[in-house]
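To start, the structure itself, in structure tokens.
Here it is, written out as structure tokens:
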């Protein structure tokens with residue numbers, strides 16, 4: 001039964017059921033809050049990572065439980081986001097969190113029992129944390145627990161070799177919250193511009209939509225491993241300024257999402273020089289800083305470290321750096337932990353950031369604890385170190401293998417090319433779609449990449465995100481896929497993608 | 001050494017140190033991001049609950065650790081927010097959360113040990129939760145975990161006697177996140193008006209500032225236990241509409257914050273009728289629904305329940321109801337758990353809410369678990385029930401005693417009157433300040449109530465919030481104080497407030 005949902009001017013719904021139109025009788029004047037009366041900026045937001053594809057994937061997932069007979073697959077593989085799959089049983093962090101939850105376990109009378117269930121370093125860490133936190137259940141300081149911000153500062157110092165001040169660090173609920181807060185503060189009106197990469201993670205375009213500021217796109221160069229040059233940046237800022245846009249900030253995602261590139265130190269220096277000369281605030285999204293798959297060729301360099309290593313003329317460059325507990329090898333995304341560091345930010349702006357953080361009271365304390373554990377992993381000599389090291393290494397190597405395998409699979413498909421992943425968790429292959437497929441998409445009112453991705457989902461149960469959700473060079477089509485499905489399922493997973501692609505191309509080949 | 005911080009036009013800071021003005025030499029052109037270039041709406045936000053008073057209280061708290069000799073008190077009592085004090089060692093919820101953190105504890109090989117540390121119902125609940133959640137560390141559905149939303153719906157059904165749909169429930173990080181999201185959606189431009197009580201919780205005024213919509217104040221009647229009448233509401237909406245404001249929504253905080261009143265069923269009916277007739281969406285902030293201290297005289301009635309009990313003409317009234325894990329007897333505020341229920345909301349708006357929730361990916365899973373436990377407390381027959389019942393009853397009775405004692409203390413002060421608390425966690429006494437004190441405040445550039453509250457903080461270490469942060473009838477002065485300090489400290493606490501007040505009045509008596 002084909003049903004179409006139409007909208008009347010009264011915003012009640014009528015179902016057009018084949019030839020019988022049934023209109024629901026209604027004497028009421030309709031809703032006060034409708035998509036006509038709602039905030040236009042909220043309405044204009046697009047957010048592809050959880051858009052039409054994932055919604056269909058959810059429906060298919062439900063159908064598998066209730067009526068699987070019509071589907072050609074036995075599970076939906078959510079390659080649109082980082083799913084539970086990465087979430088391995090890390091011993092230390094989960095154990096510390098578990099002890100912090102139930103401080104009774106730390107009482108003397110339970111010591112004998114608890115020491116059989118928990119390693120000594122987990123117990124010691126939980127004791128230190130609870131001494132400094134008081135209780136998980138209480139509001140913390142709006143910037144986050146001081147003790148944890150001190151530990152984050154030490155982590156940054158160890159990572160970069162330059163000092164960090166705990167007062168410059170705000171703990172947040174994932175990196176997204178920090179990004180939203182900083183972008184909101186950074187923009188002033190519709191003419192305020194923020195440079196974002198194309199392709200980009202849609203958090204940036206969505207946040208700019210919400211605050212009604214101007215996205216200023218700069219293109220990453222697909223033929224050069226998604227690199228970017230000073231010339232590209234300059235062109236982009238010059239064009240925007242010609243249009244009257246007040247370009248204030250530049251977002252860099254390094255390693256890249258969805259593109260997986262990892263910037264060289266020289267490239268980072270170029271970007272910093274550009275920002276300094278053009279008086280542009282740097283927003284460095286560095287949430288994938290430990291997801292580095294070619295560490296010798298392309299190690300991770302933080303923007304803060306590179307900035308500090310440069311000449312005195314660069315030492316006032318304003319920089320926000322974002323990090324998260326959701327990525328890396330721990331992938332503790334459900335906890336919503338993160339932080340951002342403010343470098344060379346005006347003290348009066350720091351006060352405004354504090355004020356605006358206060359409205360949400362505080363980041364959740366569990367997420368804060370996870371930030372502490374992420375930035376202070378076990379070290380050699382700790383009881384938990386051998387297990388930690390083994391788990392980290394295993395995940396790291398497995399992710400590297402999966403990235404390589406999936407890129408190989410994509411590159412083997414007719415008309416598909418895919419850069420290898422230097423970092424992050426995604427591949428962003430380009431697909432050359434036949435004209436017939438593009439026309440078929442148009443007939444359905446879909447973008448060609450959405451049409452392809454929806455076809456893949458319906459045929460294989462694999463949910464990827466069309467490139468149009470991230471932005472792509474005009475006339476090109478891509479999709480983003482995580483390489484996170486369980487490794488033992490990879491052959492089957494790649495096999496079904498190949499089958500789908502062949503059949504799609506056979507259907508639509510020009 | 002008196003130091004004054006001045007601001008130059010270049011937004012660098014100079015210190016005016018007594019008679020020597022030292023200007024830091026600088027050849028740099030100054031910061032890009034300053035309070036002049038930042039978003040004006042963010043700048044305009046005021047947020048008193050964590051404003052000047054709490055910032056000074058934090059500084060005093062630090063001073064107590066480093067240089068306590070000059071202070072007349074040995075601890076800072078944070079009566080500005082709900083502090084750790086309420087956070088008692090609830091057995092069941094903490095234990096379930098601890099087990100969910102560390103699923104290894106649920107393995108067969110640990111059963112013997114774990115059953116000595118955890119009650120059987122905690123183990124059973126953790127098993128059910130983990131079965132439905134998968135892992136705490138993974139992103140959940142952006143609306144929250146389905147199983148938990150189903151449990152919340154059952155809780156609402158038990159509470160109200162009317163059905164609730166899990167699809168109409170969004171889990172959130174505390175109630176604040178939900179309120180911000182709904183207000184953002186509900187407003188369209190500067191002419192969109194939202195009615196808020198005066199006094200109000202500053203989340204509402206701050207959020208309206210941020211989205212640049214018009215607050216439409218209506219006054220609560222202090223002489224009638226902070227009640228409100230249809231006439232007051234009508235007057236307020238009529239005046240706003242005369243000025244061209246498109247009044248769309250009404251915020252009711254019940255029980256009241258900062259005012260502690262609990263609305264009668266008849267009063268709620270009046271409000272619903274008013275909203276229905278005036279085509280106004282209802283936002284019911286019901287986070288204090290279990291903080292009820294006069295349950296026979298003033299029981300809690302949810303807006304949803306009262307709405308459902310009314311005639312058919314009211315059955316399309318749009319309502320959002322907010323709840324939180326931060327209040328009640330559990331006070332698990334650091335976990336940032338909450339939910340809102342959408343009643344009679346346009347399906348297209350529900351989709352927009354889902355989209356906007358997706359940008360933050362999901363509410364933290366720990367907070368979601370706490371929502372589950374809050375809405376499904378142990379029941380008679382559960383192993384944990386006797387302990388749960390004893391703890392709840394003890395906190396409840398103690399809060400009632402503290403509320404009465406503090407109101408009595410305030411009412412005993414010269415020129416102070418204070419309504420008793422029917423609900424919530426606060427008292428909002430009115431202080432008649434002498435003219436001399438008002439003049440002294442003016443000379444310091446402070447509001448008279450801030451001047452009084454700052455005096456109290458410096459003298460006693462007790463941090464309350466001036467009434468001006470919540471709004472008050474012109475010419476009246478108040479402050480908000482929680483009644484949450486530990487009961488055994490109450491005599492000392494009240495004693496030092498009395499001493500301060502006497503000395504303040506002696507200093508400034510006209």
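Chains as they are written, first to last, in UniProt numbering: chain B, 1 to 510; chain E, 1 to 510.
Glycine is no exception: its CB is placed at the ideal position from the N, C-alpha and C atoms.
In this text, all values refer to a predicted model and were calculated from it rather than measured experimentally.
Taking 8 Å as the CB-CB cut-off, is residue i touching chain E?
i: residue 169 (chain B); result: no
i: residue 196 (chain B); result: no
i: residue 495 (chain B); result: no
i: residue 426 (chain B); result: no
i: residue 522 (chain B); result: With chain B represented from 1 up to 510, any question about residue 522 (chain B) goes unanswered, as that position is not in the structure.
i: residue 329 (chain B); result: no
i: residue 284 (chain B); result: no
i: residue 97 (chain B); result: yes
i: residue 24 (chain B); result: Residue placement at residue 24 (chain B) is flagged as unreliable, the pLDDT there being 35, under the threshold of 50; a coordinate-derived value is accordingly withheld.
With burial defined as no fewer than 16 other Cβ atoms inside 10 Å of the residue's Cβ, what is the status of residue i: buried or exposed?
i: residue 506 (chain B); result: exposed
i: residue 497 (chain B); result: buried
i: residue 419 (chain B); result: buried
i: residue 511 (chain E); result: Outside the displayed span of chain E (1 to 510) sits residue 511 (chain E), for which this structure offers no information.
i: residue 163 (chain E); result: exposed
i: residue 44 (chain E); result: exposed
Between residue i and chain B, is the shortest Cβ-Cβ distance under 8 Å, so that the two count as touching?
i: residue 187 (chain E); result: yes
i: residue 139 (chain E); result: yes
i: residue 288 (chain E); result: no
i: residue 147 (chain E); result: no
i: residue 463 (chain E); result: no
i: residue 323 (chain E); result: no
i: residue 130 (chain E); result: no
i: residue 9 (chain E); result: Because residue 9 (chain E) carries a pLDDT of 32, less than 50, the predicted location of this residue cannot be relied on, and the following value inherits that uncertainty. False, the Cβ-Cβ gap to chain B never drops below 8 Å.
i: residue 281 (chain E); result: yes
i: residue 481 (chain E); result: no
i: residue 123 (chain E); result: no
i: residue 359 (chain E); result: yes
i: residue 119 (chain E); result: no
i: residue 177 (chain E); result: yes
i: residue 40 (chain E); result: yes
i: residue 570 (chain E); result: The structure shown has nothing for residue 570 (chain E), since chain E only spans 1 to 510.
Could you tell me the boundaries of the alpha helix (DSSP H) in which residue i lies?
i: residue 459 (chain E); result: 448-460
i: residue 356 (chain E); result: 347-359
i: residue 169 (chain E); result: First-last for residue 169 (chain E): 169-172, but that is the beta strand (DSSP E), not the alpha helix (DSSP H).
i: residue 510 (chain B); result: Neither: residue 510 (chain B) is in no alpha helix (DSSP H) and is coded neither H nor E.
Among the options, which residue has its Cα nearest to the Cα of residue i?
i: residue 373 (chain E); options: E:59, E:67, E:62, E:100; result: E:100
i: residue 54 (chain B); options: B:367, B:457, B:486; result: B:457
i: residue 121 (chain B); options: B:388, B:406, B:404, B:207; result: B:388
i: residue 143 (chain E); options: E:466, E:354, E:288; result: E:354
i: residue 159 (chain B); options: B:251, B:290, B:69, B:47; result: B:290
i: residue 431 (chain E); options: E:270, E:494, E:479; result: E:479
i: residue 415 (chain B); options: B:204, B:434, B:405; result: B:434
i: residue 376 (chain E); options: E:325, E:175, E:360, E:417; result: E:325
How is the beta strand (DSSP E) around residue i delimited, first residue to last?
i: residue 218 (chain B); result: 214-219
i: residue 323 (chain B); result: 319-324
i: residue 482 (chain E); result: 479-482
i: residue 262 (chain E); result: Counting along the chain, residue 262 (chain E) falls outside any beta strand (DSSP E), and DSSP gives it neither H nor E.
i: residue 250 (chain B); result: 246-253
i: residue 339 (chain B); result: 338-343
The ligand COA and residue i: does the residue's C-beta get closer than 7 Å to at least one heavy atom of that ligand?
i: residue 488 (chain B); result: Among the components modelled here there is no ligand, and therefore nothing to report on the ligand COA.
Segment contact, 8 Å Cβ cut-off, at least three pairs: the stretch 330-340 of chain E with the stretch 292-299 of chain E
no
Just checking, does the stretch 487-494 of chain E make contact with the stretch 389-408 of chain E on the three C-beta pairs under 8 Å criterion?
yes
Could you say if the stretch 208-224 of chain E and the stretch 171-188 of chain E meet the contact criterion of at least three C-beta pairs nearer than 8 Å?
yes
Would you be able to state if there are at least three C-beta pairs under 8 Å between the stretch 425-445 of chain E and the stretch 252-261 of chain E?
yes
Could you tell me whether the stretch 240-254 of chain B touches the stretch 269-284 of chain B, using the rule of 3 or more Cβ pairs below 8 Å?
yes
For the structure I just gave you, are there three or more beta carbon pairs, one from the stretch 265-275 of chain E and one from the stretch 107-121 of chain E, closer than 8 Å?
no
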